[in-house]
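Chains H and B, in that order, are what the protein sequence lines are. For the first sequence, the working numbering gives the first residue as 1, with consecutive numbering after it. For the second sequence, the working numbering gives the first residue as 1001, with consecutive numbering after it. Yeah, the Cβ is synthetic: ideal placement off N, Cα and C, and Gly gets one too. Take a look at the structure below.
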Amino acid sequence: MSPPPTAVPDVELVELARAGDRSAFDTLLRRHDDRLRGLAFRLLADRYAMDDALQEAYVKAYRALPRFRAGSNFGTWLYRITYNACIDELRRRKRAPVTTEEPTDPVSGRPGPERVVSASETVRAALARLPVDQRVTVVLVDGEGFDHQEAAEILGVAPGTVASRLHRARAALRHILGEEVG
Amino acid sequence: MSEELVEPDLVVRTALQLLPVPDHGPDFWYRVATDLDVEEALRLTADADAPAVPAAPVRARSPRRAAPPTVPLVELVPAPGAVPPTMRRRSNLVLSAVAVAAAIAVVVAGTSLVRSRTGSDAATEVAEGPEETTTSEAPAASSSISTLAAPHDEPAVAAVVAWVNALGQGDVDAAWSALGPASQAHWGSKSAFTAERSGLAEGYGAWSAADPDDILLTPLSSSGEGELVVVTLVGTLQQEGPEVARADAFPVRIVDGTAKVELFAYAGELEVVVPEPVPEGGRRPVVAPGDELVVVVPSDAAAPVIRLDDGEVLVCGDAPGTRLTALEGSSGRRCGYTPKGGIPKGQRVLTVAYTSTDGAEVSAESVRFTAA
């Protein structure tokens, strides 16, 4: 979650934002938006729901900014808010995400355009079949590259819980995707 | 903790990377900025005991959602007496701040509209060179009139033109009047619609200063009242920065010769999978001529149609070249369309739409893409 070397560090932007600098807050949002979209879309499987959840998350972050603890990791903090907004969005939707018509093997060979579509549909369907707690864990660790400690901070659980959820999520995904565990 | 769990699972990671993450919708950052304006105004107003203003805050949500169209997205203000006095006072502050912020947003939107109209006609130029035309021809843009001047002999087109022009001009009354009953029901009240006028002006109202490359009319069969048509405006818009190639679908219902825009009468979700829509300013999606075009609709979607450019309007599952299949484990259905002879190379527009079973609601979307 570290910014490019030439950019103003998060910690400085956070201080500016807390002092009322809206552009600093905007910069923070746009800096982290790519990865937050990854989390939200993989959790919600719907781009409109993704936008709604992120809109909610960014406003909540702005409201909560005065309570942000100095020394904390802003990215992790924003992930946590986004995760909670996604859970709220899932509760609001109360419907199953769209899934694919039949599973295919997405990870063998070099897929052409049709193959890629089929693979993405399959992955989306596979993710949708995981319980939310497992889904978010595997997305954070395998999708976004967080370690267990960071994922635990975001989710508000113990690192051991992350490990067990991850183990179950990976096994389920491999099973759904038809991958033979070697 | 095993070593397997410490390191990322490469198979799972690879699989996750196969799921492309879309960019935001075109109005996302504007919506965020508007919300943050409200929050900022709240902070400012919290220190100044401003008088109460009877207005309800409304948060704009993503378009084309599956939310019930009759439920307006209004943040409810607790009824007096149901909450402690301190909470009621807080509500007044909130309402005051929202009103202040709304005024700020309108001024900002008005400024940007004025800016777009005082600029050169470059905003209406097509960025990507000549495209293969589809149906109607739009007249050349006037240098003195900033509103969209499309053919008015077709009531559905005239209704859409009137609506986007009303938005572009900030005429909320006209814009509200141009909406059909189902779309008005979606908003719940005129005040709720009015609260979002700046965002709508920036989004759909941008067409008022544009000269569409094409205007497509896609008739739908509907068991509802009157005639249902999808008007698709195809063109290049200038929106707070770079030019954006867009194709926007506007459902219109014509009853007794009167056409009303039913853009907000959502029948449910509609997801174009191939070509995958790209965000504002993004590269236009490219598909191979032999690719299958894929759309996902709810299982209860009535007569979903798919259409390439101004070609035949095809009912998915019935027309040759189309396939409508159930999706395992979901309520959706997959509509696939492989045009006979392949997709002609060049710039194309795909339009998809369906209605609810009673024909009262309609969802429609158009996507620009390149076949190469």
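Please decide whether residue i counts as near chain B, where near means a Cβ-Cβ distance under 8 angstroms.
i, result
"aspartate 142 (chain H)", "yes"
"leucine 177 (chain H)", "yes"
"serine 23 (chain H)", "no"
"aspartate 88 (chain H)", "no"
"glutamine 55 (chain H)", "yes"
"tyrosine 62 (chain H)", "yes"
"alanine 17 (chain H)", "no"
"valine 123 (chain H)", "yes"
"leucine 173 (chain H)", "yes"
"phenylalanine 41 (chain H)", "yes"
"serine 72 (chain H)", "no"
"tyrosine 58 (chain H)", "yes"
"valine 11 (chain H)", "no"
"arginine 67 (chain H)", "no"
"glycine 75 (chain H)", "no"
"aspartate 51 (chain H)", "yes"
"valine 132 (chain H)", "no"
"valine 14 (chain H)", "no"
"arginine 47 (chain H)", "yes"
"valine 138 (chain H)", "yes"
"arginine 170 (chain H)", "yes"
"isoleucine 154 (chain H)", "no"
"arginine 80 (chain H)", "no"
If contacts are defined as beta-carbon pairs under 8 angstroms, then residue i and residue j qualify, I think. What distance do you get, rounded to the angstrom?
i, j, result
"alanine 1166 (chain B)", "alanine 1178 (chain B)", "6 angstroms"
"alanine 1041 (chain B)", "alanine 1159 (chain B)", "In fact, because the Cβ distance is near 35 angstroms, the residues do not count as touching under 8 angstroms."
"threonine 1322 (chain B)", "tyrosine 1337 (chain B)", "5 angstroms"
"glycine 1332 (chain B)", "serine 1299 (chain B)", "6 angstroms"
"phenylalanine 25 (chain H)", "tyrosine 62 (chain H)", "6 angstroms"
"alanine 128 (chain H)", "alanine 7 (chain H)", "Actually they do not touch by this definition, with Cβ atoms about 36 angstroms apart."
"arginine 30 (chain H)", "leucine 1036 (chain B)", "Contact doesn't hold; Cβ gap of about 13 angstroms is too wide."
"valine 1032 (chain B)", "tyrosine 58 (chain H)", "5 angstroms"
Go through its chain and collect everything with a Cβ distance to residue i's Cβ below 6 angstroms, but skip five positions before and after it.
i, result
"arginine 165 (chain H)", "Asp133, Gln134, Thr137"
"alanine 126 (chain H)", "Leu173, Ile176, Leu177"
"alanine 1162 (chain B)", "Ala1178"
"alanine 1301 (chain B)", "Tyr1354"
"glycine 1317 (chain B)", "Leu1324"
"alanine 1364 (chain B)", "Val1230, Ala1249, Pro1251, Ala1353"
"serine 1221 (chain B)", "Ala1303"
"leucine 1327 (chain B)", "Arg1334"
"threonine 1194 (chain B)", "Val1172"
"glutamate 1276 (chain B)", "Pro1285"
"arginine 1307 (chain B)", "Thr1218, Val1313, Thr1351"
"lysine 60 (chain H)", "Ile81"
Examine chain H for any beta-carbon lying closer than 8 angstroms to the beta-carbon of residue i, and answer yes or no.
i, result
"glycine 1025 (chain B)", "yes"
"alanine 1015 (chain B)", "yes"
"proline 1212 (chain B)", "no"
"proline 1285 (chain B)", "no"
"leucine 1263 (chain B)", "no"
"phenylalanine 1250 (chain B)", "no"
"leucine 1350 (chain B)", "no"
"valine 1295 (chain B)", "no"
"proline 1289 (chain B)", "no"
"leucine 1389 (chain B)", "With chain B covering only 1001 through 1372, there is no way to say anything about residue 1389 (chain B)."
"valine 1011 (chain B)", "yes"
"arginine 1253 (chain B)", "no"
"glutamate 1039 (chain B)", "yes"
"leucine 1018 (chain B)", "yes"
"phenylalanine 1028 (chain B)", "yes"
"leucine 1036 (chain B)", "yes"
"valine 1021 (chain B)", "yes"
"arginine 1031 (chain B)", "yes"
"proline 1008 (chain B)", "yes"
Using C-beta distances below 7 angstroms, list every residue in its chain close to residue i, excluding the 5 sequence neighbours before and after it, in chain order.
i, result
"arginine 170 (chain H)", "Val138"
"alanine 1375 (chain B)", "Given that chain B is displayed from residue 1001 to residue 1372, the structure contains no residue 1375 (chain B) and the question cannot be resolved."
"valine 965 (chain B)", "Past the edges of chain B, shown from 1001 to 1372, lies residue 965 (chain B), and the structure says nothing about it."
"glutamate 12 (chain H)", "none"
For residue i, which residues of its own chain have a beta-carbon under 8 angstroms away from its beta-carbon, when the five flanking residues on both sides are left out?
i, result
"leucine 54 (chain H)", "Asp33, Leu36, Arg37, Ala40, Thr82, Ala85"
"glycine 1359 (chain B)", "Ser1222, Ser1223, Gly1224, Glu1225, Leu1228, Ala1302"
"alanine 1175 (chain B)", "Trp1163, Ala1166, Leu1167, Phe1193, Arg1197, Leu1200"
Give me the DSSP bridge partner(s) of residue i.
i, result
"phenylalanine 1369 (chain B)", "B:Arg1348"
"isoleucine 1254 (chain B)", "B:Glu1227, B:Ala1259"
"cysteine 86 (chain H)", "Looking at the DSSP assignment, cysteine 86 (chain H) forms no beta bridge with any residue, so it has no partner."
**Message:** Whether or not the stretch 153-172 of chain H and the stretch 1017-1031 of chain B are in contact is what I'm after, with contact meaning three or more pairs of Cβ atoms, one per stretch, closer than 8 angstroms; do they touch?
**Reply:** no
**Asked** How about the stretch 1263-1272 of chain B and the stretch 1229-1238 of chain B: do they share at least three Cβ pairs that are nearer than 8 angstroms?
**Response** no
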